Ligand code: AMP
Ligand code: GLY
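In the working numbering, the protein residues as written are 10 to 441.
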């Protein structure tokens with residue numbers, strides 16, 4: 010099967026690595042890809058906003074399956090572009106319709122969807138400039154902390170947790186009056202703060218049926234001990250020790266089933282991944298957010314645990330034949346540690362040669378590229394998150410230690426990575 014995978018991060022390298030293992034894959038193209046995906050297939054220089062160019066490439070190469078990594082093309086309607094085109098509509102397409110992608114693309118849409126289908130989430134109200142004064146009053150009287158969310162995509166920066174009313178009012182004004190996040194903050198969701206522990210659950214759905222992939226936890230803060238600025242993600246682990254079978258049963262009954270039922274009832278075309286950001290509060294699950302794709306770096310720990318053939322799963326998804334499909338999952342733990350550019354998530358430079366990529370990687374570790382590119386004969390840094398190392402272990406802690414050992418042999422100007430990924434699951438952390 011001729012496959013085109015869209016995206017260029019660590020998530021896409023992990024997907025390309027897995028797709029490339031399938032006997033069905035022949036050939037695999039990745040657009041635009043990175044220096045790592047080039048080891049799993051052929052990189053193609055395509056701009057993911059240029060739907061006509063993507064479509065033309067698919068026709069020219071007789072692509073039979075398109076897999077979309079990032080959210081942006083989905084939120085902009087790439088699925089619909091394919092679906093409406095006579096010659097493209099029979100290509101298997103993994104990723105939801107524009108309407109389905111609103112679960113990620115509009116926080117107000119997602120909250121209203123959860124309300125309609127009784128899915129547990131933080132209480133909220135939405136505001137725009139037309140009810141601005143009412144919003145100010147609401148924010149001012151809201152118990153602290155209060156959470157403000159720009160409605161649209163804001164590159165992961167649109168959520169602000171305010172610990173004072175002065176800050177909350179200022180942010181509310183900045184978002185609605187000063188367009189702090191451009192069009193994304195034309196609408197603002199004001200929501201209750203939930204105090205608990207977070208994890209991510211990944212579901213692959215064909216719009217009627219679903220399979221649940223291993224859960225994961227990511228580490229968003231730049232600094233050790235979960236301090237410092239928010240990033241795209243500095244590492245991840247799977248499984249999550251506090252996601253007990255009893256808790257996961259509640260997640261499936263109260264969240265996953267009503268979500269899929271809701272999509273069905275509302276006739277939303279959805280064949281792809283749903284990433285559910287969850288928070289566990291006093292043992293009960295609540296939805297923090299939906300994403301219409303896999304997470305990064307969660308994919309780098311989830312996909313290596315999947316033993317089932319990914320192309321087979323995608324074909325079943327596209328044909329709405331996921332009913333009765335059982336996933337085969339590696340029992341071992343995985344952890345990934347992300348190496349980033351000096352200065353990230355603030356200003357950073359690109360183009361530094363990466364040394365140590367030719368080291369012999371142990372059999373239970375995998376090196377995934379994120380922001381890398383090839384320049385002449387060298388692989389150089391090309392982004393904030395540069396590469397990550399995933400390892401398998403008997404425990405999350407053992408896996409982290411193995412990844413760190415590989416990263417210790419990688420060098421580039423300004424390299425930084427957190428040494429404490431999975432710290433709360435390390436032996437002795439909670440011991441008095
Ligand atoms: P998001 O951009 O939706 O992923 O939100 C970013 C982060 O903000 C989440 O991962 C949570 O840590 C936090 N967050 C969002 N909403 C809430 C909430 N209602 N209560 C507590 N924390 C929240
Ligand atoms: N790691 C969080 C995300 O992919 O959104």
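All C-beta atoms, glycine included, are put in the ideal place defined by N, C-alpha and C.
No experiment lies behind these values; they were computed from the predicted model shown.
Residue environment, residue i, which counts as buried when at least 16 other CB atoms sit within 10 Å
{"i": "residue 5", "result": "In this structure the chain extends from 10 to 441, so residue 5 is not present and cannot be described."}
{"i": "residue 335", "result": "exposed"}
{"i": "residue 441", "result": "The pLDDT assigned to residue 441 is 44, lower than 50, so where the model puts this residue is not dependable, and the model offers no usable value."}
{"i": "residue 153", "result": "exposed"}
{"i": "residue 65", "result": "exposed"}
{"i": "residue 302", "result": "buried"}
{"i": "residue 125", "result": "exposed"}
{"i": "residue 282", "result": "buried"}
{"i": "residue 63", "result": "buried"}
{"i": "residue 82", "result": "buried"}
{"i": "residue 169", "result": "buried"}
{"i": "residue 367", "result": "exposed"}
{"i": "residue 300", "result": "buried"}
{"i": "residue 9", "result": "Outside the shown range of the chain, which is 10 to 441, sits residue 9, and nothing can be said about it."}
{"i": "residue 84", "result": "buried"}
{"i": "residue 245", "result": "buried"}
{"i": "residue 449", "result": "Residue 449 lies beyond the stretch modelled for the chain, which goes from 10 to 441, so this question has no answer here."}
{"i": "residue 326", "result": "buried"}
{"i": "residue 172", "result": "exposed"}
{"i": "residue 113", "result": "buried"}
{"i": "residue 78", "result": "buried"}
{"i": "residue 350", "result": "buried"}
{"i": "residue 322", "result": "buried"}
Backbone secondary structure at residue i - three-state DSSP
{"i": "residue 394", "result": "strand"}
{"i": "residue 10", "result": "coil"}
{"i": "residue 337", "result": "coil"}
{"i": "residue 448", "result": "Residue coverage of the chain in this structure runs from 10 to 441, which leaves residue 448 outside it and unanswerable."}
{"i": "residue 91", "result": "helix"}
{"i": "residue 47", "result": "helix"}
{"i": "residue 330", "result": "coil"}
{"i": "residue 407", "result": "helix"}
{"i": "residue 433", "result": "helix"}
{"i": "residue 364", "result": "strand"}
{"i": "residue 387", "result": "strand"}
{"i": "residue 402", "result": "strand"}
{"i": "residue 356", "result": "coil"}
{"i": "residue 441", "result": "Per-residue confidence for residue 441 stands at a pLDDT of 44, beneath the threshold of 50, marking its modelled position as unreliable; no derived number is given."}
{"i": "residue 36", "result": "coil"}
{"i": "residue 370", "result": "coil"}
{"i": "residue 425", "result": "strand"}
{"i": "residue 56", "result": "coil"}
{"i": "residue 202", "result": "coil"}
{"i": "residue 380", "result": "coil"}
{"i": "residue 42", "result": "coil"}
{"i": "residue 97", "result": "coil"}
Residue span of the beta strand (DSSP E) that contains residue i, given as start and end
{"i": "residue 137", "result": "133–137"}
{"i": "residue 347", "result": "342–349"}
{"i": "residue 456", "result": "Nothing can be reported for residue 456, as the shown portion of the chain is limited to 10 through 441."}
{"i": "residue 75", "result": "74–77"}
{"i": "residue 101", "result": "101–103"}
Bounding residues of the alpha helix (DSSP H) (the contiguous stretch that carries residue i)
{"i": "residue 69", "result": "60–70"}
{"i": "residue 82", "result": "81–84"}
Heavy atom of ligand 3 within 7 Å of residue i beta-carbon
{"i": "residue 131", "result": "For ligand 3, the structure offers nothing, since it holds only ligand 1 and ligand 2."}
**Secondary structure, alpha helix (DSSP H): runs of 4+ residues fully inside the stretch 207–287** = Within the stretch 207–287, the alpha helix (DSSP H) runs of at least 4 residues that lie entirely inside it are, in chain order, 254–260 and 266–274.
**Message:** What ranges does the alpha helix (DSSP H) occupy inside the stretch 106–168, keeping only unbroken runs of at least 4 residues that lie completely in it?
**Reply:** Runs of the alpha helix (DSSP H) inside the stretch 106–168: 107–114, 116–125 and 141–150.
**Request:** Could you tell me which uninterrupted alpha helix (DSSP H) segments, each at least 4 residues in length, are contained entirely in the stretch 166–200, listed from first to last along the chain?
**Result:** Qualifying alpha helix (DSSP H) stretches, in chain order: 174–185.
**Item:** Segments assigned alpha helix (DSSP H), at least 4 residues, entirely inside the stretch 287–326
**Value:** Correct list: 308–311.
**Prompt:** Looking at C-beta atoms only, is the number of pairs between the stretch 15–29 and the stretch 353–362 that lie closer than 8 Å three or more?
**Reply:** Two segments are said to touch when three or more pairs of C-beta atoms, one from each, lie closer than 8 Å; by this definition the stretch 15–29 does not touch the stretch 353–362.
**Request:** Taking 8 Å as the threshold, find out whether the stretch 312–323 comes into contact with the stretch 226–239 through three or more Cβ pairs.
**Result:** Verdict: no, contact absent.
**Message:** Would you call the stretch 424–436 in contact with the stretch 391–409, where contact means no fewer than 3 C-beta pairs closer than 8 Å?
**Reply:** Touching, yes.
**Message:** Count Cβ pairs between the stretch 239–255 and the stretch 337–354 that sit closer than 8 Å; are there 3 or more?
**Reply:** The stretch 337–354 and the stretch 239–255 touch, with three or more beta-carbon pairs separated by less than 8 Å.
**Request:** Indicate whether the contact test is met: 3 or more Cβ pairs, each with one atom in the stretch 269–277 and one in the stretch 121–138, closer than 8 Å.
**Result:** The answer is yes - the stretch 121–138 touches the stretch 269–277, with three or more Cβ pairs under 8 Å.
**Request:** Check whether the stretch 204–221 touches the stretch 286–301, taking contact to mean three or more Cβ pairs, one atom from each stretch, closer than 8 Å.
**Result:** Short answer: they touch.
**Prompt:** Three or more beta-carbon pairs under 8 Å between the stretch 94–111 and the stretch 192–207, yes or no?
**Reply:** Not touching, per the Cβ criterion.
**Message:** I'd like to know if the stretch 138–149 and the stretch 303–311 are in contact, where contact means that at least 3 CB-CB pairs between them fall below 8 Å.
**Reply:** The stretch 138–149, when compared against the stretch 303–311, does not touch it at the 8 Å Cβ threshold.
**Request:** Kindly confirm or deny that the stretch 214–223 and the stretch 259–270 touch, where touching means at least three C-beta pairs closer than 8 Å.
**Result:** Flag = yes, the stretch 214–223 and the stretch 259–270 touch.
**Asked** Given 8 Å as the limit, is there contact between the stretch 34–51 and the stretch 373–393, that is, 3 or more CB pairs closer than that?
**Response** Enough Cβ pairs lie closer than 8 Å, so yes.
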